[in-house]
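So the sequence lines, in the order shown, correspond to chains A and B.
Once you know that position 130 of the first sequence is 130 in the working numbering, the rest is easy, because the numbers rise by one and skip nothing.
Positions in the second sequence are counted from 1; adding 1000 to them yields the working numbering.
All residues carry an ideal CB built from backbone N, CA and C; glycine is no exception.
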Amino acid sequence: MTTGFSEGLRARIDNIFARYPNRRSALLPVLHLVQRERGFIGPDDEILVAGLCGLRPVEVREVLTFYTMFRREPAGRRLLQVCTNLSCAIRGGGRILDHLRRTLGLEPGQTTPDGRFTLVEVECLGACDKGPCLMVGEKLHEGLTLEAVDKLLRESG
Amino acid sequence: MAEKYLTRSFDPAGPRSFKTYADTGGYSGARKALAEMTPAMVMGEVKAAHLRGRGGAGFPAGLKWGFIPQASPAPKYLCVNADEGEPGTFKDRYILAHDPHLLLEGVVIVSYAVGIHKAYVYVRGEYEELARRLEEAISEAVSQGALGENIFGSGFSLNVLVHRGAGAYICGEETALLESLEGYRGQPRLKPPFPASVGLFGNSTVINNVETLANLPGIILHGADWFLGLGKPKDGGTRLYSVSGSVVKPGVYELPTGTSLREIIFTHAGGLAPGRTLKAVIPGGLSSAILLPGEIDVAMDCDSLAAAGSMIGSAGIIVIDDGVSMKTVLDRVTKFYAHESCGQCTPCRVGTSWIRRIVRRMNGGGRRADDLDRIARLAEAMKGRTFCPFGDAAALPVLALIGKFRTELEG
C-alpha cells in the first residue's frame, strides 16, 4: 500500500525542486533522499516520486535501475562495499572480499539472514593510495588488514 | 623548479575554512579578475597559459570557453566535473577534501570570464561526505560575499549548487553528466552539437574538471607566463599525479607537467618494495595503454604520452610489480568496462560483455587457441564506433595488454 512520504521528507524534496529549472532534474537527489529515509526505493516509492516529479513511474524506474547506488530491495543495516579494482587488487582487495565472503557466508549482493550486513563488490572508490578500501555505510575505511576488517564487523551493526 | 601551487597548503587535518584560505591569499585571484580585468582579459590569460583539461581529454580550457556564443541572451551554465571515477585516480578527492575554496575560487573566475550565473558541481555519488563538505564551503563563501549576489562588491553574481551522482562511471563523460544532471540515465549524447552550444537544459554550457578549475586562481594572480614556466610550452602548470599500486609511498604528487614517469615512481613515490621489480605501469588511469619498464622514461604531458602510444588521461598512475599476473590485470580491466558500459551503442555493449565472457572462460581453464585474437578483433570493432570515448577506453588497454603480454596471457 502506498503510505505517502512524511511531511519532513516532502519539505526536503520541495527544497530540492527549488534548485533546478524543472522537476525532472531533481530526480537523482530526490531518489537519494527517499532511499536514505526508507532504506531502499520500492515500487510504491517509484510511483510517489513519479507523481512529485511529473513523470511516469516507468521513467523513474529506468533511471533508478541505471545507477548502482540505488537499491530496489532492502539492504542489511550495514552495507559493506569492497573495492576490487586494480589498485586495490594489487594491495589485497581480493583477500578482503574473500575474507568477508567466508566470515559472513555471503556472496556479493547477498544479505546476512539476521539483516545485519549486505556485501557488495564495487568499482573504484577513488582512494587507491590507501587501498585496500571498503565503505561501511557512508564511511570509507582505508589501508585494511583482515584483522581491521574483523574489528569493523564486531563494531558494526 | 619544483614549485607547488595546488597543494601548497593542503591541510591534512581537514578542509581549509574560508578564513584560513582567505588569510593565506585565497580569493585574491577572483578579486583581481572581478576588480581589474574584463572577462575577455581573463579568458585571454587562460588561453595564453595553455591550461589543458585535467579530466582526461586534455583539451585546452581557454579554447573550450571560447566556443560559448557570447552574444546570446540565453542563460549559460557551468558544470564542474567532480565525478572522479577513472580507476587509479584520486586527485580531485584531495582537492575537495583539503581545499574546497580553491575549487570555488576557480568557479568564480571561469563564470566571470564566460558570463555564467549558475553552476552545478556534479560530485560522484560515492563522495557523499565530500559533497556535504563542499556544500558547507559554499555556504561559507556566500556568507563572506565570495559567492552569491554581488561578489566582492563587483556586481557579478553566481549561484553554485552541488548535484550528486549515484554510481555510474560513464557520468564522468561530459554529455552523460549533462543527461544525469537533467534526471535521465547517464547515456552520452551524440556530438555535435557540443555542450558549448547545446548543453545543460539546451543552453550553452562549460564543463571543466575540478583540478582544471583549481589552477585558475594562480593563473590570474601570477599570470600566464608564470604558469607556463611551471610546465611545458603547450601544456602549462603543475599536475596532480595520483600514484597507486606497488609503490612504497602511494599518494598524490604535485609536480610540473612533463615530469618523467620514472622520476614520479622512483624519486617521489619511493619506488617498489624491496625485492620487487617493475613489470608494467598504467600511466593515465585504467583507460590508458599499459607501458613496459623500458617505456617509462616518458614525460608526463598530453603530447609525449600520445607519442608513446598511450595517454596521460587523468594522470592516475598504477604501478604493477612482478608478483602481479597479467591475467589478473586483463580480468580486472575487462570486468570494469563490461560493468560500466552504458549499453547505448551496440559495439560497446556487445563488445565489452563478449570480451568479458571470453576472459572469464580463459581464466576458468577453458582457453581456446584463438581467444586473444578474437578479443583483439572485438576491441578493434569498438574503436571509434561509439557515441563517446568509452568504446576506445575499453578497447585500448585490452589491445595494449595483448600486444605487450601475449606470451604470459597465453600461458
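Straight-line Cα distance separating residue j from residue i
| i | j | result |
| --- | --- | --- |
| A:Val188 | A:Glu46 | Examination of residue 188 of chain A is not possible in this model, given that chain A is present from 1 through 157 alone. |
| B:Met1382 | B:Met1043 | 37 Å |
| A:Leu140 | B:Asp1099 | 19 Å |
| B:Gly1365 | A:Leu9 | 52 Å |
| B:Gly1351 | B:Pro1087 | 20 Å |
| A:Gly105 | A:Thr112 | 8 Å |
| B:Ser1028 | B:Cys1302 | 30 Å |
| A:Arg154 | B:Pro1347 | 46 Å |
| B:Asn1203 | B:Ile1068 | 10 Å |
| B:Tyr1021 | A:His99 | 43 Å |
| A:Gly137 | B:Leu1401 | 35 Å |
| B:Leu1161 | B:Cys1079 | 10 Å |
| B:Met1001 | B:Arg1164 | Since pLDDT at B:Met1001 reaches only 42, below the 50 mark, its modelled position is unreliable, and no value is offered. |
| B:Ser1288 | B:Gly1125 | 24 Å |
| A:Ser87 | A:Met135 | 16 Å |
| B:Ile1464 | B:Pro1217 | The first residue shown for chain B is 1001 and the last is 1411, placing residue 1464 of chain B beyond what the model contains. |
| B:Ser1260 | A:Pro74 | 49 Å |
| B:Asp1235 | B:Pro1060 | 8 Å |
| A:Thr145 | B:Ala1049 | 45 Å |
| B:Ser1143 | B:Ser1017 | 12 Å |
| B:Asp1370 | A:Ile13 | 55 Å |
| B:Tyr1005 | B:Tyr1120 | 25 Å |
Cβ of residue i within 9 Å of any chain B Cβ
| i | result |
| --- | --- |
| A:Glu138 | yes |
| A:Pro108 | no |
| A:Thr118 | no |
| A:Thr68 | yes |
| A:Asn15 | no |
| A:His32 | yes |
| A:Val63 | yes |
| A:Leu9 | no |
| A:Pro29 | yes |
Residue-chain proximity (residue i, chain A), Cβ-Cβ < 9 Å
| i | result |
| --- | --- |
| B:Cys1388 | no |
| B:Pro941 | Absent from the model: residue 941 of chain B. The displayed extent of chain B is 1001 to 1411, so no value can be given. |
| B:Arg1356 | no |
| B:Ile1282 | yes |
| B:Ala1049 | no |
| B:Thr1020 | no |
| B:Gly1245 | yes |
| B:Cys1302 | no |
| B:Val1396 | Before going further, note that residue 1396 of chain B is Leu rather than Val in the sequence given. Not an interface residue. |
| B:Leu1102 | no |
| B:Ala1400 | no |
| B:Ala957 | The structure shown does not extend to residue 957 of chain B, since chain B spans only 1001 to 1411, so no value can be given for it. |
| B:Ala1289 | no |
| B:Arg1332 | yes |
| B:Tyr1005 | no |
| B:Arg1016 | no |
| B:Met1001 | With a pLDDT of 42 at B:Met1001, under the threshold of 50, the modelled position of this residue cannot be trusted; read the value that follows with caution. Cβ-Cβ to chain A under 9 Å: no for B:Met1001. |
Residues that residue i contacts on chain A, provided the C-beta gap is smaller than 8 Å
| i | result |
| --- | --- |
| B:Pro1087 | Asn85, Leu86, Ser87, Glu123, Cys124, Cys128 |
| B:Arg1093 | Gly126, Ala127 |
| B:Ser1242 | Cys128, Asp129 |
Identity of the residue in the options nearest residue i by Cα
| i | options | result |
| --- | --- | --- |
| B:Tyr1112 | B:Ser1139, B:Ser1197, B:Trp1065, B:Gly1411 | B:Trp1065 |
| A:Arg91 | B:Gly1125, B:Leu1272, B:Arg1008 | B:Leu1272 |
| B:Asp1322 | B:Gly1014, B:Leu1161, B:Val1333, B:Val1281 | B:Val1281 |
| B:Pro1192 | B:Cys1388, B:Glu1340, B:Val1398, B:Gly1403 | B:Cys1388 |
| B:Ile1355 | B:Glu1340, B:Ser1341, B:Arg1374 | B:Arg1374 |
| B:Ala1074 | B:Ser1197, B:Cys1171, B:Gly1236, B:Glu1126 | B:Ser1197 |
| A:Asn85 | A:Gly42, A:Gly76, A:Arg24, A:Cys124 | A:Cys124 |
| B:His1268 | B:Thr1257, B:Pro1250, B:Arg1276, B:Pro1015 | B:Pro1250 |
| B:Met1041 | B:Arg1406, B:Ala1224, B:Ser1242 | B:Ala1224 |
| B:Arg1178 | B:Val1123, B:Gly1218, B:Ser1143 | A quick correction: the sequence has Leu, not Arg, at residue 1178 of chain B. When only C-alpha atoms are compared, the closest one is B:Val1123. |
| A:Gly143 | A:Ala127, A:Tyr67, A:Pro43 | A:Ala127 |
| B:Ile1265 | B:Ile1296, B:Tyr1337, B:Gly1199, B:Val1359 | B:Ile1296 |
| A:Lys130 | B:Met1037, B:Ala1306, B:Ser1242, B:Arg1360 | B:Ser1242 |
Within chain A, partners of residue i - CB distance below 7 Å
| i | result |
| --- | --- |
| B:Thr1328 | Ala89 |
| B:Leu1286 | Leu86 |
| B:Phe1426 | In this structure chain B extends from 1001 to 1411, so residue 1426 of chain B is not present and cannot be described. |
| B:Gly1186 | Phe66 |
Under 9 Å from the C-beta of residue i: neighbouring residues of chain A
| i | result |
| --- | --- |
| B:Ile1320 | Leu86, Ile90 |
| B:His1163 | Arg19, Tyr20, Ser25, Leu28, Pro29 |
| B:Tyr1169 | Glu123, Cys124 |
| B:Phe1336 | Asn85, Leu86, Glu123, Cys124 |
Partners in chain B for residue i, counting only beta-carbon separations shorter than 7 Å
| i | result |
| --- | --- |
| A:Ser25 | Leu1181, Glu1182, Gly1183 |
8 Å Cβ cut-off: residues of chain B touching residue i
| i | result |
| --- | --- |
| A:Pro21 | Phe1201 |
- Query: Can you list, in chain order, the stretches of the beta strand (DSSP E) that have 3 or more residues and sit fully within the region 1077 to 1155 of chain B?
  - Reply: 1077 to 1082, 1118 to 1123
- Which parts of the region 1207 to 1262 of chain B are runs of the beta strand (DSSP E), unbroken and 3 residues or longer, counting only runs that do not cross its ends? 1238 to 1245, 1251 to 1256
- Please specify which runs of the alpha helix (DSSP H), each continuous and at least 4 residues long, are wholly inside the region 1253 to 1309 of chain B, giving them in chain order. The qualifying runs are 1302 to 1307.
- Item | Secondary structure, alpha helix (DSSP H): runs of 4+ residues fully inside the region 38 to 105 of chain A | Whole alpha helix (DSSP H) segments, 4+ residues: 43 to 53, 57 to 64, 86 to 90, 93 to 104.
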